[in-house]
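Take a look at the structure set out below.
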Amino acid sequence: MTVHIIDSVDQFKQTIAKNRFVLLDAFATWCGPCRAIAPLIARWAQEEEYKGKTYFAKFDVDAVPDLAQELGVTAMPTFVFFKDGEYAEKVVGANPQALQNMLNYYNPAKAENMDAAEATLAADKSESPKNE
1 MTVHIIDSVD
11 QFKQTIAKNR
21 FVLLDAFATW
31 CGPCRAIAPL
41 IARWAQEEEY
51 KGKTYFAKFD
61 VDAVPDLAQE
71 LGVTAMPTFV
81 FFKDGEYAEK
91 VVGANPQALQ
101 NMLNYYNPAK
111 AENMDAAEAT
121 LAADKSESPK
131 NE
C-alpha cells in the first residue's frame with residue numbers, strides 16, 4: 001500500500017468512511033520535520049503488519065486549508081488517526097515513537113483480538129451464576 005494524497009475535504013470524508021483505520025498526515029512542503037519523517041511513514045505503509053489494514057493518507061495544509069482548519073491543525077506535521085470514521089487520536093510533531101505506539105494500539109489485528117476478547121468476557125459474565 002502507498003501513502004495516498006488527499007486533495008479535498010470531500011475526499012477526506014470519503015476516505016474515513018470507507019476505511020476502518022486511517023492514519024492522516026497533515027504536512028507542508030516547506031516543513032523540514034515533515035520531509036524528514038515522510039520516508040518512515042511510506043515504509044510503514046508497505047509493512048505487512050499494516051498493509052491492507054491501515055489506510056495511510058496525507059494532505060498538504062497549504063493546498064487544503066479547509067481540512068487543516070476542520071481538524072484543528074496548527075503545527076506540522078500533525079498525524080490524526082481515525083477508527084470507523086471517527087477521530088481517535090492525534091500526534092503533533094515528527095515523533096516516530098509516539099506514531100509507532102499509536103499504530104500498534106490501533107493495529108487492526110490487535111483491535112479485532114480485543115473485540116473478540118471483550119465479547120467473550122461479556123458472554124462469560126452473562127452465563128456465570130451470581131454469587132449470593
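If you number the sequence shown the way UniProt numbering does, the last residue is 132 and the count never jumps. Even glycine gets a Cβ: it sits at the ideal position worked out from N, Cα and C. As the structure is a computational prediction, the values presented were derived from the model and not from experiment.
- The residue among D60, P65 and D84 with its C-alpha nearest the C-alpha of R35 is D60.
- DSSP places A75 in the coil class of the three-state scheme, outside both helix and strand.
- Secondary structure of A38 (DSSP, three-state): helix.
- Sequence-distant partners of L99 (beyond 5 residues in either direction) whose C-beta falls short of 7 Å from its own C-beta, in its chain, are F79 and V91.
- The Cβ atoms of M102 and A26 do not sit closer than 8 Å to each other.
- In the DSSP assignment, D60 falls within the beta strand (DSSP E) that extends over T54 to D60.
- Counting only the Cα atoms, K58 lies some 10 Å from A28.
- When DSSP states are grouped into helix, strand and coil, D25 belongs to the strand group.
- A direct Cα-to-Cα measurement between I16 and I5 gives close to 13 Å.
- Between E86 and L23, the alpha-carbon positions lie close to 12 Å from each other.
- Excluding residues up to 5 positions away in sequence, M76, P77, G93 and A94 lie with their Cβ nearer than 8 Å to the Cβ of P33 in the same chain.
- Between V3 and F56, the C-beta gap is smaller than 8 Å, which places the two residues in contact.
- For Y87, the secondary structure class from DSSP, reduced to helix, strand or coil, is strand.
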